[in-house]
Amino acid sequence: MSATHQLRCTNCDARIAADFASSDFRCPDCSGLYEVIYPWSPGVGILGTPQDPAANIRLPNPNALRYKWQELRTSSMAIDQSGVWRFRDLLPILNNLDNVITLNEGNTPLYEMPRCAKIAGIDWLLAKHQGMNPTGSFKDTGMTAAMSVAVERGYKWAACASTGNTSAAMAAYAARAGLRSIVFIPEGKIAWGKLSQSMDYGALTVQLKTDFDGCLRLLLELVRRFPIYLLNSVNPYRLEGQKTPAMEIVEQMEGQVPEHLIVPGGNLANSSALGKGFMEMKHIGLISRVPKISVIQAEGANPLYRWFNDSNRDMQPVTAETRATAIRIGNPASWKKASRVIEETGGWCEQASEQEIALAKAEIGAEGVGCEPASAVTLAGLKKLVAQGRVTPEERVVLLLTGHTLKDSQYTIDYHRGELLTGAEVAGATEFERSRHVLLRKPPLVLEADEAIVLRALEQRMAMSDASEMQHAAGIPV
Ligand code: F0G
Numbered sequence: 002m003s004a005t006h007q008l009r010c011t012n013c014d015a016r017i018a019a020d021f022a023s024s025d026f027r028c029p030d031c032s033g034l035y036e037v038i039y040p041w042s043p044g045v046g047i048l049g050t051p052q053d054p055a056a057n058i059r060l061p062n063p064n065a066l067r068y069k070w071q072e073l074r075t076s077s078m079a080i081d082q083s084g085v086w087r088f089r090d091l092l093p094i095l096n097n098l099d100n101v102i103t104l105n106e107g108n109t110p111l112y113e114m115p116r117c118a119k120i121a122g123i124d125w126l127l128a129k130h131q132g133m134n135p136t137g138s139f140k141d142t143g144m145t146a147a148m149s150v151a152v153e154r155g156y157k158w159a160a161c162a163s164t165g166n167t168s169a170a171m172a173a174y175a176a177r178a179g180l181r182s183i184v185f186i187p188e189g190k191i192a193w194g195k196l197s198q199s200m201d202y203g204a205l206t207v208q209l210k211t212d213f214d215g216c217l218r219l220l221l222e223l224v225r226r227f228p229i230y231l232l233n234s235v236n237p238y239r240l241e242g243q244k245t246p247a248m249e250i251v252e253q254m255e256g257q258v259p260e261h262l263i264v265p266g267g268n269l270a271n272s273s274a275l276g277k278g279f280m281e282m283k284h285i286g287l288i289s290r291v292p293k294i295s296v297i298q299a300e301g302a303n304p305l306y307r308w309f310n311d312s313n314r315d316m317q318p319v320t321a322e323t324r325a326t327a328i329r330i331g332n333p334a335s336w337k338k339a340s341r342v343i344e345e346t347g348g349w350c351e352q353a354s355e356q357e358i359a360l361a362k363a364e365i366g367a368e369g370v371g372c373e374p375a376s377a378v379t380l381a382g383l384k385k386l387v388a389q390g391r392v393t394p395e396e397r398v399v400l401l402l403t404g405h406t407l408k409d410s411q412y413t414i415d416y417h418r419g420e421l422l423t424g425a426e427v428a429g430a431t432e433f434e435r436s437r438h439v440l441l442r443k444p445p446l447v448l449e450a451d452e453a454i455v456l457r458a459l460e461q462r463m464a465m466s467d468a469s470e471m472q473h474a475a476g477i478p479v
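For the sequence shown, the numbering used here assigns the number 2 to the initial residue and increments by one for each residue that follows.
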């Protein structure tokens, strides 16, 4: 395979030629996970030895890159229109770009979120909406990269275990590539929209009576026995695609770097991918500093949060339970990578309760942006980081919204009908939070199709919402 990259074990630093990775992408010596490295990567010598000053490594030229990336925006070629492959100089993982499988992923919006900023108590807040990708989640940026590698290596089958979004993305990209795909998902524990996607894109969909962690265990047995390409995020090529929102954010902020990036944490690969993206950009001189990267988990699926707060720093898997099913993961494969990114960037790890997630999701929805529940942990976590003084009001924060609001419409409908949260969950909310729920919940009215009845009901509703908005505007800290 190509001389342009190698795989480096993030645990023991062993380096291997890309062709030599085992089917489960684990280091044979220490079981560590790999990352893709290039001759110019931070801390890498040109011959794959630790940084050798005599090796005369030529870093990519930052000005040339900036210019080229701008130029490619006007190209009509599919790989240039992709918000991943436009940055291909920083992910030279293919020998032949004809192997690229793209659905025009990336190029996602960076929204201003003035109302959520005010609620969180900061001046300026942005949301990078990765749910605006072709299959509705950030997984597409990783899938285009890893599926292209699968094609280049001649695989006929691909597979993943998933809480729903990876499987949707994998099934779509496999279909585009003409590969067959197998999906393992936990039965009854993923949102219907996601399940429907993997069927629609033609995957062999297997619902297993276990959780995500159980699905992944079984899948690993499968890929060890058959020539099936594993597309979970232990596959380091996924992360090469998932690092590109870092480049997009900097471009969208006209060369500026946010002070803080807040990412939801499940299997914990995405936070490390974004960290890699920012660190590589700094290393080659595209930016002068990296943002702090903080990870937020759901309270019921919080092994990294526990590890972070454990003085012994002992990682203990948990039995995961949360309505944010995308991040219902108790034994995250990439926790070491994520913890390094948090520590190296000066970020933090927080958790959010079911009630806090539901409220944050409604607040992001009320801003006209919307996201799936797992993405909303970012706003819930931001509120805590501000309250703790870890984020100050003048810091520019970017929330990484990972999934589209339509991914889990049942959650949204249940919330607005008042059927989502239990009495105990509501009782655990502060008075302010309870009043926010009352303001934000918009249950549908079911009425006779009679003019007088409709008008009366609307008058009542409109008067109620005017009154409550005035009352609550007074309560939001300015
Ligand atoms: N947000 C959403 C919407 C997700 O689907 C996931 C993960 C995450 C956040 C967490 O990202 O695992 O890199 O920490 N979903 C995976 C899946 C596990 O199978 O779709 P992570």
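Ideal placement from N, C-alpha and C gives every residue a C-beta, glycine not left out. Source: prediction; values computed, not measured.
- With DSSP run on the structure shown, which of helix, strand or coil describes residue 55? The residue given as residue 55 occupies position 54 in the sequence shown. Caution is warranted here: a pLDDT of 49 is assigned to residue 55, below 50, making its placement in the model unreliable, and no coordinate value can be reported.
- Item | Identity of the residues DSSP links to residue 295 by a beta bridge | Start at 1 with the first residue of the sequence shown, and residue 295 comes out as number 294. In the DSSP output, where bridge partners are listed per residue, residue 295 has 263.
- Message: Give me the DSSP bridge partner(s) of residue 349.
- Response: To locate residue 349, count along the sequence shown from 1; it is residue 348. The partner list for residue 349 (beta bridge, DSSP) is empty, contrary to what the question assumes.
- Reduced DSSP secondary structure (H/G/I, E/B, other) of residue 187: As a working note, residue 187 is residue 186 in the sequence shown. DSSP places residue 187 in strand when its eight states are reduced to three.
- 7 angstroms CB neighbourhood of residue 224 in its chain, flanking five on each side removed: Numbered from its first residue, the sequence shown carries residue 224 at position 223. Closer than 7 angstroms at Cβ, skipping near neighbours: 24, 25, 160, 231.
- Query: What residues in its chain sit with their C-beta under 6 angstroms from that of residue 442, if we drop five residues either side in the sequence?
  - Reply: The count along the sequence shown starts at 1 and reaches residue 442 at position 441. Excluding residues within five positions, the ones whose Cβ falls inside 6 angstroms are 417.
- Query: Under 7 angstroms, do residue 362 and residue 339 count as touching if we go by C-beta distance?
  - Reply: Taking the sequence shown and counting its residues from 1, one reaches residue 362 at position 361. Taking the sequence shown and counting its residues from 1, one reaches residue 339 at position 338. In this structure, residue 339 does not lie closer than 7 angstroms to residue 362 by Cβ.
- Query: Among the residues of its own chain, which have a CB less than 6 angstroms from the CB of residue 181, if the five just before and after it don't count?
  - Reply: Taking the sequence shown and counting its residues from 1, one reaches residue 181 at position 180. So the qualifying residues of the chain are 158.
- Give the range of the alpha helix (DSSP H) segment to which residue 60 is assigned. Translated into positions along the sequence shown, residue 60 becomes position 59. No alpha helix (DSSP H) holds residue 60; DSSP gives it neither H nor E.
- Message: Contact defined as beta carbons within less than 8 angstroms: I believe residue 66 pairs with residue 146. What is the distance between those atoms, to the nearest angstrom?
- Response: To locate residue 66, count along the sequence shown from 1; it is residue 65. To locate residue 146, count along the sequence shown from 1; it is residue 145. Their Cβ separation, rounded to whole angstroms, is 18 angstroms, which puts residue 66 and residue 146 out of contact at 8 angstroms.
- Query: Are there three or more Cβ pairs, one per stretch, closer than 8 angstroms when the region 113 to 127 is compared with the region 209 to 217?
  - Reply: no
- Message: To test your reading of the DSSP string, which unbroken alpha helix (DSSP H) runs of 4 or more residues are found completely within the region 381 to 460?
- Response: 410 to 417, 424 to 428, 432 to 441
- Span of the alpha helix (DSSP H) around residue 357: The residue given as residue 357 occupies position 356 in the sequence shown. Per DSSP, residue 357 belongs to the alpha helix (DSSP H) from 355 to 367.
- What is the C-beta distance between residue 136 and residue 173, in whole angstroms, given that I count them as a contact (C-beta under 8 angstroms)? As a position in the sequence shown, residue 136 is number 135, starting the count at 1. As a position in the sequence shown, residue 173 is number 172, starting the count at 1. Going by Cβ atoms, the distance from residue 136 to residue 173 rounds to 5 angstroms, so yes, they are a contact pair.
- Message: What residue range does the beta strand (DSSP E) around residue 7 cover?
- Response: For the purposes of this step, residue 7 is taken as the residue at position 6 of the sequence shown. Taken as a continuous stretch (DSSP letters only), the beta strand (DSSP E) holding residue 7 covers 7 to 10.
- Message: Can you tell me whether residue 447 is buried or exposed? The criterion is at least 16 other CB atoms within 10 Å of its CB, across all chains shown.
- Response: Walking along the sequence shown from the start, residue 447 turns up at place 446. Exposed is the call here.
- Message: Quick check on the burial criterion: 16 or more other C-beta atoms within 10 angstroms. Buried or exposed for residue 9?
- Response: One-based indexing of the sequence shown puts residue 9 at position 8. With 16 or more other Cβ atoms within 10 Å, it is buried.
- Message: According to DSSP, residue 36 sits in a beta bridge with which residue or residues?
- Response: For the purposes of this step, residue 36 is identified with residue 35 of the sequence shown, where counting begins at 1. Answer is 9, bridged to residue 36.
- Message: I'd like the list of long-range same chain contacts for residue 268, defined as Cβ closer than 7 angstroms, with 5 residues on each side in sequence excluded.
- Response: Position 267 of the sequence shown, counting from 1, holds the residue named residue 268. The beta carbon of residue 268 lies closer than 7 angstroms to those of 234, 330, 333, 334, 335 in the same chain, with the five residues before and after it left out.
- According to DSSP, residues forming a beta bridge with residue 284: Here residue 284 refers to the residue found at position 283 when the sequence shown is read from its first residue. DSSP lists no partner for residue 284.
- With DSSP as the reference, label residue 151 as helix, strand or coil. Taking the first residue of the sequence shown as position 1, residue 151 is located at position 150. Helix.
- Query: What is the rounded straight-line gap between the Cα of residue 242 and the Cα of residue 140?
  - Reply: Position 241 of the sequence shown, counted from the first residue, corresponds to residue 242. Position 139 of the sequence shown, counted from the first residue, corresponds to residue 140. Near 9 angstroms, if we compare the C-alpha coordinates of residue 140 and residue 242.
- Message: Closer than 6 angstroms to a non-hydrogen atom of the ligand F0G - does that hold for the CB of residue 155?
- Response: Along the sequence shown, one-based indexing puts residue 155 at 154. Every heavy atom of the ligand F0G is 6 angstroms or more from the Cβ of residue 155, so no.
- Three-state secondary structure (DSSP) of residue 31: Translated into positions along the sequence shown, residue 31 becomes position 30. Coil.
- Message: I need the straight-line Cα distance from residue 142 to residue 108, nearest angstrom please.
- Response: As a working mapping, residue 142 is identified with position 141 in the sequence shown. As a working mapping, residue 108 is identified with position 107 in the sequence shown. Rounded to whole angstroms, residue 142 to residue 108 spans 10 angstroms at the Cα level.
- How many angstroms separate the CA atom of residue 208 from the CA atom of residue 375? Counting from 1 along the sequence shown, the entry for residue 208 is found at position 207. Counting from 1 along the sequence shown, the entry for residue 375 is found at position 374. Taking the straight line from one Cα to the other gives about 21 angstroms.
- Tell me residue 112's beta-bridge partners as DSSP assigns them. Sequence index remark: in the sequence shown, residue 112 carries index 111 (1-based). Note: residue 112 sits in a beta bridge opposite 128.
- Query: Taking DSSP as the reference, what is the three-state secondary structure of residue 250?
  - Reply: Looking up residue 250 in the sequence shown gives position 249. Note: residue 250 maps to helix in three-state DSSP.
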